[in-house]
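Here's the structure we're looking at; comments come further down.
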Amino acid sequence: MPTTARAPAALELQQVSKRYGRVVALDDVSCAVAAGEAVLLLGANGAGKTTLLRCAATLLRPSRGTVRIGGLDAATHGAAARRRLAVLGHESFLYPDLSAVENLTFYARLYRLRDGAARVATLIDRLGLQGWAHRPVRALSRGLQQRCALARVLLHEPALLLLDEPFTGLDVTAREQLCTVLGEVHRRGAAIVMSTHELAIGLTLCRRAIMLVGGRLGWDGSVAPGDAAALEDRLRGGRAQAVA
Amino acid sequence: MNESAHLEYLIAAYAVVWLGVLIYVTGLARRSSALEREVAELRELLAKRPR
Amino acid sequence: MLAILLKDLRIELRTKETLAALLLLGLLILVVLSFAFDPMSPLREAAAPGVLWVAVVFAGTLGMNRSLLRERDNDCLQGLLLAPVDRGAIFLAKALANFLFMAAAQVVLVPLFVFFFNLPLVTTVTRLAPVVLLGLLGFAAVGTMFAAVSLRTRAREVMLPLLMLPLAAPLIIAGIQASTALLAGAPLAAVAHWLNLLAAFDAVFLVVGWLAFEYVVEE
Amino acid sequence: MRSPDLTDRILPPAVIAIMLAALYLVFVRVPTDAFQGPVQRIFYVHMAMWLSTFTAFAIVGVASLLYLVKRTPHWDHLGRAAAELGLLFCTLGLATGSIWAKPIWNTWWTWDPRLTLTLILWMIYAAYLLLRSLANEPQQGATLAAILGVSGVVDLYLINRAVYWWRSIHPAVIVDRQGGTGLADPLMRATLIVTMLAFFLVFLWLLRLRLRAARLQDAVDDLRAELA
Chain Z
1 MPTTARAPAA
11 LELQQVSKRY
21 GRVVALDDVS
31 CAVAAGEAVL
41 LLGANGAGKT
51 TLLRCAATLL
61 RPSRGTVRIG
71 GLDAATHGAA
81 ARRRLAVLGH
91 ESFLYPDLSA
101 VENLTFYARL
111 YRLRDGAARV
121 ATLIDRLGLQ
131 GWAHRPVRAL
141 SRGLQQRCAL
151 ARVLLHEPAL
161 LLLDEPFTGL
171 DVTAREQLCT
181 VLGEVHRRGA
191 AIVMSTHELA
201 IGLTLCRRAI
211 MLVGGRLGWD
221 GSVAPGDAAA
231 LEDRLRGGRA
241 QAVA
Chain U
1001 MNESAHLEYL
1011 IAAYAVVWLG
1021 VLIYVTGLAR
1031 RSSALEREVA
1041 ELRELLAKRP
1051 R
Chain C
2001 MLAILLKDLR
2011 IELRTKETLA
2021 ALLLLGLLIL
2031 VVLSFAFDPM
2041 SPLREAAAPG
2051 VLWVAVVFAG
2061 TLGMNRSLLR
2071 ERDNDCLQGL
2081 LLAPVDRGAI
2091 FLAKALANFL
2101 FMAAAQVVLV
2111 PLFVFFFNLP
2121 LVTTVTRLAP
2131 VVLLGLLGFA
2141 AVGTMFAAVS
2151 LRTRAREVML
2161 PLLMLPLAAP
2171 LIIAGIQAST
2181 ALLAGAPLAA
2191 VAHWLNLLAA
2201 FDAVFLVVGW
2211 LAFEYVVEE
Chain A
3001 MRSPDLTDRI
3011 LPPAVIAIML
3021 AALYLVFVRV
3031 PTDAFQGPVQ
3041 RIFYVHMAMW
3051 LSTFTAFAIV
3061 GVASLLYLVK
3071 RTPHWDHLGR
3081 AAAELGLLFC
3091 TLGLATGSIW
3101 AKPIWNTWWT
3111 WDPRLTLTLI
3121 LWMIYAAYLL
3131 LRSLANEPQQ
3141 GATLAAILGV
3151 SGVVDLYLIN
3161 RAVYWWRSIH
3171 PAVIVDRQGG
3181 TGLADPLMRA
3191 TLIVTMLAFF
3201 LVFLWLLRLR
3211 LRAARLQDAV
3221 DDLRAELA
């Protein structure tokens, strides 16, 4: 996957390995996600999906190999690389004692956004959080907290969105809303790397899938919305063969 | 300066030092030999069960 | 970096957890230590600075554990680590926040100390202020770093004092010695060497914290 | 490292030879101190413990720094082994110090600056080893211990200053840092040097044994992982 001449790859992993003592979480993984591309990250539990996402988010330092975000090497330009990416995981990263607005204003200041207040306001409206904006996050439901977390992720308009099982624990309406918002962000040019077990929803967004098998790159190819079943049995089988 | 009383202290001091070193060395030696035995056993197991 | 500090202050003003903990613990230790001295004996006067510093040190140690807990729920620490800020700045913000909380607690504790040991209020406060503040800064620096370290061990509460207090020995010795001299009326110049030691301790552990925090938080 | 078998061959006999010489000098040849009588001979072994303790803690500091930078297991092993031995010699140093203080000043513990410094260091390195055992994962424990190792060495000078200013009274006979060894007789000085060298070699020898044990432990873990 050569980096397109126009813009550096949103995310590029070169021979990335990660060892915890003797346990090898990632083994010599190389792949690239072009600017604006949406990729589905597949693999059984413990295959290294979360480790890969955390290395991409500069939260984890790879034992070997380099991680580049928008052309910036994460090891040397960590701070600048982090300005370009955002992570949405199970946890919301929001302070329970602060309200949604206070949390978002804090993150706007942390990312040193000049028009912070305006962005917070538009995101609150866009995600329908007006009613709960001033109540402490502690008091909000899981679905609402996830929406606030989504607002936090979109605040600094990242070029790369890293999503680790974003749909778990959400009800149907929350899932649909998350899916539509991700679709909008993707259409506006943000690259997405999403690890999820809900293949059906994932395939509506992503045209390409990468499968990790035991920490190694098992398979990397394009996928169409109808391939959910085929991907399902590949996951169980874990064999690397071409899809349709 | 009552000479005799102090000799026990002198002996005690050197005894403490030697005891300390001795205890540590025996502990270390026992641990090392146990590890060596374990390495030998594991190697044997590995050899018997070729991949 | 300022954003993190302001955020901590805002949360603290709302919940007042750490401040309450520091105050009550300080008061408790002051009272318990007072039992150690027969109220009538002259020894009580001589031990006054020691009692104050022991209260400051132990209340600070127990309060310090609280400061990083705030980042644990909802995994907010990762939120900070994802910010386009280098990890040393997060350490400095947390250390300054801890310093301010402990200083705020002293605003109440020192008058109480004066009340228990019936010392002249104004002169004691003005004399002790520089020493206590310098001491608290160093304490916040070494405390914040090792609170982060002890968070990653199984026995968190026990680990922090064990890691921090031996290293803080020079701070405690300098603090008590300088306070004793100052309370006995010595001019500031007479304790200059103790103050320099405190300042050096602050500088050393603010720098070590800045550099080492990256390794403390990494997986 | 140097060729292992050569050192392994010459080190043990050398240690035994020098140790015998030291014992011979201490118990037979060296003149008895005029004021303290024979008990003054504890001084030689006490100082020997002091040297090994400080070398050990310096090694811990350097090994910790290198481990943080390089992340190779070797520096982690060295740091741990040096800390363990540092603690051992530190304990023996404190013991001999107090055994010596009893007949001279009739108290088991004196807040002599050097003894206080040794006590504080003892606590730091006890915490170092405890930290390693209580960390959530061994690899994390190594990093956290390395940070304490570096902080300990960096803090050393500050503790030293604080303790010396705090306890500025200083018994003449014990070695004061600035001056010479405070020993008049050249034979006494020679005995001191030989004893210190003897115990220093014991320290190095134990360090090598401890490192070998650490490598063996790694080998066992590797084999076990392979078998799993």
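Protein chains in written order, with the working numbering: chain Z, 1 to 244; chain U, 1001 to 1051; chain C, 2001 to 2219; chain A, 3001 to 3228.
Positions of the beta carbon are idealized from the N, C-alpha and C atoms, including for glycine.
From the options, residue whose alpha carbon lies closest to that of residue i
i, options, result
"Z:S63", "Z:D73, Z:R114, Z:S17, Z:G128", "Z:S17"
"Z:R54", "Z:G143, Z:E176, Z:R82", "Z:R82"
"A:L3129", "A:G3079, A:A3198, A:L3119, A:L3223", "A:G3079"
"Z:G36", "Z:D115, Z:R187, Z:A100", "Z:R187"
"C:A2184", "C:P2039, C:L2009, C:A2020, C:A2048", "C:A2048"
"C:I2173", "C:N2118, C:M2001, C:M2164, C:W2194", "C:W2194"
"C:G2143", "C:R2014, C:V2208, C:K2016, C:R2044", "C:V2208"
"C:L2165", "C:M2145, C:T2153, C:F2115, C:Q2177", "C:M2145"
"C:A2089", "C:F2099, C:I2004, C:R2072", "C:I2004"
"C:I2176", "C:L2163, C:L2160, C:V2051, C:V2216", "C:V2051"
"Z:A47", "Z:D233, Z:P225, Z:L231, Z:G214", "Z:G214"
"A:D3005", "A:L3209, A:F3027, A:L3023, A:I3147", "A:L3209"
"C:L2211", "A:T3116, A:R3167, A:T3191, A:V3069", "A:V3069"
"C:K2007", "Z:A108, Z:A151, Z:A133, Z:T51", "Z:A108"
"Z:G131", "Z:R147, Z:E176, Z:P166, Z:Q177", "Z:R147"
"C:E2214", "A:L3144, A:V3062, A:G3093, A:L3066", "A:L3144"
"C:A2168", "C:A2140, C:D2073, C:E2157", "C:A2140"
Contact set between residue i and chain U, taken where Cβ atoms lie within less than 8 Å
i, result
"A:I3042", "Y1009, L1010, A1013, Y1014"
Listed by chain order, chain C residues near residue i by CB distance under 7 Å
i, result
"A:A3127", "L2162, L2163, P2166"
"A:Q3140", "R2152"
Partner residues on chain A for residue i, Cβ-Cβ distance less than 9 Å
i, result
"C:V2191", "Per Cβ cutoff of 9 Å: no residues; C:V2191 is ~11 Å from chain A at best."
"C:Q2177", "A3162, W3165, W3166"
"Z:Y111", "Ordered by position in chain A, no residue passes the 9 Å Cβ test against Z:Y111, which lies about 29 Å from the chain."
"Z:R216", "Per Cβ cutoff of 9 Å: no residues; Z:R216 is ~17 Å from chain A at best."
"U:A1046", "Reading off the sequence shown, one finds Leu at residue 1046 of chain U, where the question assumed Ala. Result: L3223, E3226, L3227."
Cβ separation of residue i and residue j, assumed to be a contact under 8 Å, to the nearest whole Å
i, j, result
"C:V2132", "C:Q2106", "6 Å"
"C:G2138", "C:F2035", "That belief does not hold up - the Cβ atoms of C:G2138 and C:F2035 are roughly 29 Å apart, past 8 Å."
"C:L2151", "C:F2101", "No, C:L2151 and C:F2101 are not in contact; Cβ-Cβ is about 18 Å, not under 8 Å."
"Z:L40", "Z:G169", "20 Å between Cβ atoms; not a contact."
"Z:G71", "Z:P8", "3 Å"
"Z:A56", "Z:L11", "5 Å"
"A:L3011", "A:W3205", "5 Å"
"U:Y1024", "A:P3103", "Going by Cβ atoms, the distance from U:Y1024 to A:P3103 rounds to 27 Å, so no, they are not a contact pair."
"C:V2216", "C:A2148", "5 Å"
Test item: CB-CB of residue i and residue j under 8 Å
i, j, result
"Z:F106", "Z:L98", "yes"
"U:L1046", "A:E3226", "yes"
"U:V1039", "A:L3216", "yes"
"A:G3110", "A:C3090", "Checking the sequence shown, residue 3110 of chain A turns out to be Thr, not Gly. In this structure, A:C3090 does not lie closer than 8 Å to A:T3110 by Cβ."
"A:L3207", "A:A3082", "yes"
"Z:I69", "Z:L160", "yes"
"Z:H156", "Z:Y95", "no"
"C:L1998", "C:P2170", "Summary: the structure shown does not reach residue 1998 of chain C, with chain C confined to residues 2001 through 2219, and so no result is reported for it."
"A:A3048", "A:A3198", "yes"
"C:L2009", "C:A2097", "yes"
"Z:V223", "Z:R234", "no"
"A:L3192", "A:Y3044", "yes"
"Z:L205", "Z:L231", "no"
"C:A2199", "C:A2190", "no"
Interface residues of chain C facing residue i [CB-CB closer than 9 Å]
i, result
"Z:D164", "Here the premise fails: no neighbours, minimum Cβ distance about 11 Å."
"A:N3136", "R2152, T2153, R2154"
Neighbour list for residue i in chain Z, Cβ cutoff strictly below 7 Å
i, result
"A:P3013", "Under the 7 Å cutoff, chain Z gives no residues; its nearest Cβ is about 38 Å from A:P3013."
"C:A2083", "R82, L110, Y111"
Proximal chain A residues relative to residue i, where beta-carbon distance stays under 8 Å
i, result
"U:R1031", "A3213"
"U:L1028", "L3206, L3209, R3210, A3213"
"Z:R22", "D3221, D3222, A3225"
"C:M2102", "Within 8 Å Cβ-Cβ: nothing; C:M2102 doesn't reach chain A, min ~20 Å."
Amino acids of chain A, ordered along the chain, whose beta-carbon sits closer than 7 Å to that of residue i
i, result
"U:E1038", "V3220"
Proximal chain U residues relative to residue i, where beta-carbon distance stays under 7 Å
i, result
"A:A3095", "V1016"
Handout entry: Contained alpha helix (DSSP H) runs [length at least 4] in the region 91-176 of chain Z, N- to C-terminal order
Key = As far as the region 91-176 of chain Z is concerned, its whole alpha helix (DSSP H) runs of at least 4 residues are 100-110, 116-126, 142-155.
Exercise for the section: For the region 196-235 of chain Z, list the alpha helix (DSSP H) runs that are entirely contained and at least 4 residues long, ordered along the chain. Expected result: 199-205
Exercise for the section: Note down, one range per segment and in chain order, each beta strand (DSSP E) of at least 3 residues found wholly within the region 37-70 of chain Z. Expected result: 38-43, 64-69
Handout entry: Residue ranges of each alpha helix (DSSP H) within the region 3082-3166 of chain A, 4 or longer
Key = 3113-3134, 3138-3166
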